[in-house]
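Notes for the one structure printed next.
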Amino acid sequence: MRVLVVEDEHRIANAIKKGLELEYYAVDIAYDGQQGFDLASGEDYDVIILDIMLPEMDGMAICRELRHAKNHTPILMLTAKGQLHDRVEGLNVGADDYLVKPFAFVELLARVRALTRRTKSSLSSVLTISGLSLNTVTFEVKRDGAQIKLSTKEYALLECLMRNPDRILTKDQIIAHVWNYDADVLPNTVEVYIGYLRAKVDKPFNTPSLIHTVRGFGYKIGQGR
Ligand code: CA
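Plus 107 on top of the position in the sequence shown (first one is 1) and you've got our numbering.
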């Protein structure tokens, strides 16, 4: 899951990034409105956290422009305390939810999770394929009842695959949702991580493999080839 944070207050933006990274999200930050709009338009995010008062281009304008361009990425707006007008206008221009500053991080996390669930096929917090399950709240991964320990990136990669069962994902699509903008990723990196995942998720089990390579296209997870 990849999140864009558009917030000019560095302290708040950095705290959100740090907190979300601990929850296995890949996070990019834009410290001004124009950069935020450019990233939001050019990259494929799962959620955008958007402050309203920003230099260059304000949050309302960014939201309006994105929706106008048929970009439907869920947007969580950050509004200042007491600005009821902002909340109403934010929802009018196409934001999906808002959060009043100052907020507790757990509250932000709950909103982000709700927004990512809303857009995905599964409303449950547990993704399951065959005997493999991934709990997006506790980060527990199990196969046939046995617990599997994954690193942060392995988990993010498995979650990305499991949110798209039986669908081929290209390396670029995988990179777009699992790594942030600053990350030094080569297509080969995806192969390497797929290898790590296979070693933990498929190889130790005496059942058919779930992670498949589709030559020339990418990868998919599912029971069939
Ligand atoms: Ca601001």
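A virtual CB, placed ideally from N, CA and C, is assigned to each residue, including glycine.
It should be emphasised that the depicted structure is a prediction, and the values quoted were computed from it without experimental measurement.
Straight-line gap, VAL113 to GLY126 (C-alpha atoms, nearest Å): Stepping through the sequence shown from its first residue, residue 113 is reached at position 6. Stepping through the sequence shown from its first residue, residue 126 is reached at position 19. The straight-line gap from Cα to Cα measures roughly 15 Å.
Enumerated in chain order, which unbroken segments of the beta strand (DSSP E) with a length of 3 residues or greater are wholly contained in the stretch 170–206? 182–186
State the DSSP-derived secondary structure class of GLN330, mapped to helix, strand or coil. As a working mapping, residue 330 is identified with position 223 in the sequence shown. Coil.
So, MET167 versus GLU196, is the Cβ gap smaller than 8 Å? If you number the sequence shown from 1, residue 167 lands on position 60. If you number the sequence shown from 1, residue 196 lands on position 89. Yes, the Cβ-Cβ distance between MET167 and GLU196 is below 8 Å.
Cutoff 7 Å; reference LYS278; Cβ partners in own chain excluding five residues on either side: Within the sequence shown, residue 278 is the residue found at index 171, counting from 1. Here the set comprises PRO294, VAL297, GLY325.
Hey, could you find the ends of the alpha helix (DSSP H) ASP279 is sitting in? On the sequence shown, residue 279 is found 172 positions in, with the first residue counted as 1. It spans 278–285 - the alpha helix (DSSP H) in which ASP279 sits, taken as one unbroken run.
Just to confirm, are ARG194 and TYR205 a CB contact at a threshold of 8 Å? Counting from 1 along the sequence shown, the entry for residue 194 is found at position 87. Counting from 1 along the sequence shown, the entry for residue 205 is found at position 98. Contact: yes.
On the premise that VAL308 lies in contact with LEU276, defined as a C-beta separation below 8 Å, what is that separation, rounded to the nearest angstrom? Your numbering for residue 276 matches position 169 in the sequence shown. Your numbering for residue 308 matches position 201 in the sequence shown. Actually they are not in contact, since the Cβ atoms of LEU276 and VAL308 sit about 16 Å apart, beyond 8 Å.
Consider the C-beta atom of MET108 and the heavy atoms of ligand 1; say whether any pair is separated by less than 7 Å. On the sequence shown, residue 108 is found 1 positions in, with the first residue counted as 1. No; taking the cut-off as 7 Å, the Cβ of MET108 has no heavy atom of ligand 1 nearer than that.
Please list, following the chain, all residues that have a C-beta closer than 5 Å to any non-hydrogen atom of ligand 1. ASP115, ASP158, MET160
GLU261 burial status per 10 Å Cβ neighbour count (16 or more: buried): As a first step, residue 261 is located in the sequence shown; it is residue number 154 there, counting from the start. Buried, because 16 or more other Cβ atoms sit within 10 Å of the Cβ of GLU261.
Using only alpha-carbon positions, find the residue among PHE144, SER258, ARG305 that is nearest to GLU128. For the purposes of this step, residue 128 is taken as residue 21 along the sequence shown, with counting starting at 1. The shortest Cα separation from GLU128 among PHE144, SER258, ARG305 belongs to SER258.
Given SER229, which residues of its chain have a CB within under 7 Å of its CB, disregarding the five upstream and five downstream residues? Your numbering for residue 229 matches position 122 in the sequence shown. Legend: pLDDT at SER229 = 49, less than 50; position of this residue unreliable, value from coordinates given subsequently. Excluding positions up to five away in sequence, the list is empty.
Quick check: what's the CA-CA separation for VAL200 versus SER232? Walking along the sequence shown from the start, residue 200 turns up at place 93. Walking along the sequence shown from the start, residue 232 turns up at place 125. VAL200 and SER232: Cα-Cα distance of roughly 29 Å.
If you draw a straight line from the alpha carbon of LEU157 to that of VAL110, how long is it in whole angstroms? Here residue 157 corresponds to residue number 50 of the sequence shown, with the count starting at 1. Here residue 110 corresponds to residue number 3 of the sequence shown, with the count starting at 1. Distance between the alpha carbons of LEU157 and VAL110 is about 11 Å.
Cα-Cα separation between LEU317 and ILE236, rounded to whole angstroms: The residue labelled residue 317 in the question sits at position 210 within the sequence shown. The residue labelled residue 236 in the question sits at position 129 within the sequence shown. Whole-angstrom Cα-Cα distance: 8 Å.
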